[in-house]
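**Student:** Quick mapping for you: the protein sequence lines, in order, are chains A and B.
Its first residue numbered 660, the first sequence is counted upward by one per residue in my numbering.
Its first residue numbered 660, the second sequence is counted upward by one per residue in my numbering.
My structure is below; once you've seen it, I'll send some questions.
There are 2 protein chains.
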Amino acid sequence: MPRPPSLRGPQKGAATRDAIVLAALALAEASGLEGLSIGVIAQQVGMSKSGVFAHFGSREDLQLAVLKAATDKFSAAVFQPALKLKRGLPRLRAVLENMIAFYQTLDRGCVILSASHEFDDQPGPVRDAVLAYLRQLRSELVRAARYAVDAGELDPTLDAEQFGFECFGIFLAAHHDLRTLRDADSAARARRAFARLIAHSTPKN
Amino acid sequence: MPRPPSLRGPQKGAATRDAIVLAALALAEASGLEGLSIGVIAQQVGMSKSGVFAHFGSREDLQLAVLKAATDKFSAAVFQPALKLKRGLPRLRAVLENMIAFYQTLDRGCVILSASHEFDDQPGPVRDAVLAYLRQLRSELVRAARYAVDAGELDPTLDAEQFGFECFGIFLAAHHDLRTLRDADSAARARRAFARLIAHSTPKN
DNA sequence: TTGAAATAAGTACGAACGTTCGATTATATT
DNA sequence: AATATAATCGAACGTTCGTACTTATTTCAA
């Protein structure tokens, strides 16, 4: 009798699919989502090209899977730990510090940031996904700032959107200095910039 | 008699070479230096692939030529006009404003910034050239800040390197908001961020 | 005007790419 | 153990890529 389709999903395939995505993520951190090559990935995981391909309907779906892995990794490293802290300045500080630490941890580039450059003029599902996550990331920063304002820890006249913009700029600069200029001091500079930004956003009295 | 080599350089070829580089630059602003394809460029300028190729010994040389065109364009728009102004805060402000305006002018992406992502893990002449220009760009910012300090327009205890870092972050954020998020307010945000940065770097009394 | 040099086109190649397809092996349920 | 399904393979397809050669055309100085 034919098994009722997809009541229990595939068993072994999910594991190898994860392995493929993991290898592809490592590859994408070095050469971006556009640099992903099914042949190279296959060679990396010891499979045939078609074997790898079968797990995704297309190269684009593979890119989407890798992007999801990258954003999950980012959220797990940056946002989830910060949720344990009290709303307001503590959590905000934790998010900022976690982002700095996250970039420092990466031995290669940030897939999300590369993708934002690769796809900013290339409409389609990948661009949509990149954009959605970047918007979410930004709004998390803004929300954290608003909490701190509400708690009286930051100036009530603070422009939270502007604050989020400047935070993000510091991250971009830190990533740039670390990855492109190979400057070992990038983390220290980012911390100093955040400290100044927060100090200047503190209530006047 | 053989013409004395390269006393007067090539005549007609230089013009078409310029046309090729110009078309390639437009293409690279949309898809990066890695996205450059000799075939597409040839089609764009109405030539054969081999005709285009003959002007450059290799694809890498073409990329270098396009990168040079991009950095020249940037310098001409950002730094050269600012040299007419007095050293110190006026010139610094002009550079910052010119950078904002430059990004706003581009109907597509910034080749230099894309290249910094594409080549940050890809050693070679292109990466070297990108890195050299980014370092120069950064040092120009730092130097402008130092002039302003020397003129007594900025706080003498200012960390000029840190100042340059934060300036660059604001640019990156502005470029990101404009190109990736398609946020029309990115220029205004950048100006506000610079205003704040300068205001907080002003001498105390 | 002539002839050499500069410039462009034409053709072809080997490699890599994403993708398709039929065949084959592994797995899991009855 | 039997069998339906999932998982993987191997080979091939059509494109596109950069590049190498050869041939034709244009340009410019003598």
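Glycine included, each C-beta is placed from N, C-alpha and C at the ideal position.
According to DSSP, is residue 746/B helix, strand or coil?
**Tutor:** Counting from one through the second sequence, the residue named residue 746/B turns up at place 87. It is coil, neither helix nor strand.
**Student:** Give, in chain order, every residue of the stretch 804-819 of chain A whose Cβ lies closer than 7 Å to some Cβ of chain B.
**Tutor:** Answer in chain order: no residues at all.
**Student:** Is residue 789/A closer than 8 Å to residue 823/A when the C-beta atoms are compared?
**Tutor:** The count along the first sequence starts at 1 and reaches residue 823/A at position 164. The count along the first sequence starts at 1 and reaches residue 789/A at position 130. For residue 823/A and residue 789/A, no; Cβs fall outside 8 Å.
**Student:** Label residue 779/B either buried or exposed according to how many other C-beta atoms from any shown protein chain fall within 10 Å of its C-beta, with 16 as the threshold for buried.
**Tutor:** Your numbering for residue 779/B matches position 120 in the second sequence. So residue 779/B ends up on the buried side.
**Student:** Have a look at residue 843/A and residue 837/A and give me their C-alpha separation to the nearest angstrom.
**Tutor:** Against the first sequence, residue 843/A aligns to sequence position 184. Against the first sequence, residue 837/A aligns to sequence position 178. The straight-line gap from Cα to Cα measures roughly 6 Å.
**Student:** Quick check on DSSP: helix, strand or coil for residue 669/B?
**Tutor:** Sequence index remark: in the second sequence, residue 669/B carries index 10 (1-based). Unreliable positioning characterises residue 669/B in this predicted model, as indicated by a pLDDT of 46, which lies under 50. A coordinate reading is not provided.
**Student:** Relative to chain A, which residues along the stretch 728-755 of chain B have a C-beta separation below 7 Å, given in chain order?
**Tutor:** Answer set for the stretch 728-755 of chain B: empty.
**Student:** From the DSSP output, in three-state form, read off residue 767/B for me.
**Tutor:** Locating residue 767/B in the second sequence gives position 108, where the first residue counts as 1. Coil at residue 767/B, not helix or strand.
**Student:** How about residue 773/A and residue 793/A: do their beta carbons lie closer than 8 Å?
**Tutor:** Position 114 of the first sequence holds residue 773/A. Position 134 of the first sequence holds residue 793/A. It is not a contact, given that the beta carbons lie outside the stated cut-off.
**Student:** Would you kindly work out how many angstroms separate the C-alpha atoms of residue 784/A and residue 723/A, rounded to a whole number?
**Tutor:** In the first sequence, counting from the first residue as 1, residue 784/A sits at position 125. In the first sequence, counting from the first residue as 1, residue 723/A sits at position 64. Using only the alpha carbons, I get a separation of about 8 Å.
**Student:** Pick helix, strand or coil for residue 715/B, following the three-state DSSP scheme.
**Tutor:** Working through the second sequence from its first residue, we reach residue 715/B at position 56. Coil at residue 715/B, not helix or strand.
**Student:** Suppose you measure from the CA of residue 692/B to the CA of residue 861/A; what does that come to, to the nearest Å?
**Tutor:** Indexing the second sequence from 1 puts residue 692/B at position 33. Indexing the first sequence from 1 puts residue 861/A at position 202. Approximately 44 Å between the Cα atoms of the pair.
**Student:** So what does DSSP say about residue 732/B, is it helix, strand or coil?
**Tutor:** The residue labelled residue 732/B in the question sits at position 73 within the second sequence. Residue state, collapsed to three classes: helix.
**Student:** Of all the CB atoms in chain A, is at least one closer than 8 Å to the CB of residue 824/B?
**Tutor:** Locating residue 824/B in the second sequence gives position 165, counting from the first residue. With 8 Å as the cut-off, residue 824/B counts as an interface residue toward chain A.
**Student:** For residue 838/A and chain B, any beta-carbon pair shorter than 8 Å?
**Tutor:** Against the first sequence, residue 838/A aligns to sequence position 179. Chain B, which has a Cβ nearer than 8 Å to the Cβ of residue 838/A, makes this yes.
**Student:** Could you name the residues of chain B that residue 775/A contacts, counting a contact when the two beta carbons are closer than 8 Å?
**Tutor:** Numbered from its first residue, the first sequence carries residue 775/A at position 116. Those are 835, 839, listed as they occur along chain B.
**Student:** Report all residues from its chain with a CB closer than 7 Å to the CB of residue 700/A; omit the five preceding and five following residues, and keep chain order.
**Tutor:** Locating residue 700/A in the first sequence gives position 41, where the first residue counts as 1. Excluding sequence neighbours, residue 700/A sits near 679, 682, 683, 686, 711.
**Student:** Under a CB-based cut-off of 8 Å, is residue 829/A close to chain B?
**Tutor:** In the first sequence, the residue the question calls residue 829/A occupies position 170. So, interface residue.
**Student:** Once the 5 residues before and after residue 748/B are set aside, which same chain residues still bring their CB inside 6 Å of it?
**Tutor:** If you number the second sequence from 1, residue 748/B lands on position 89. Cβ within range, chain order: 807, 812.
**Student:** Check residue 664/A in the structure and name its three-state DSSP category.
**Tutor:** Reading the first sequence from its first residue, position 5 is the one you call residue 664/A. Unreliable placement is indicated for residue 664/A, whose pLDDT of 35 sits below 50; the coordinate value is still reported in the next sentence. Three-state DSSP puts residue 664/A in coil, outside helix and strand.
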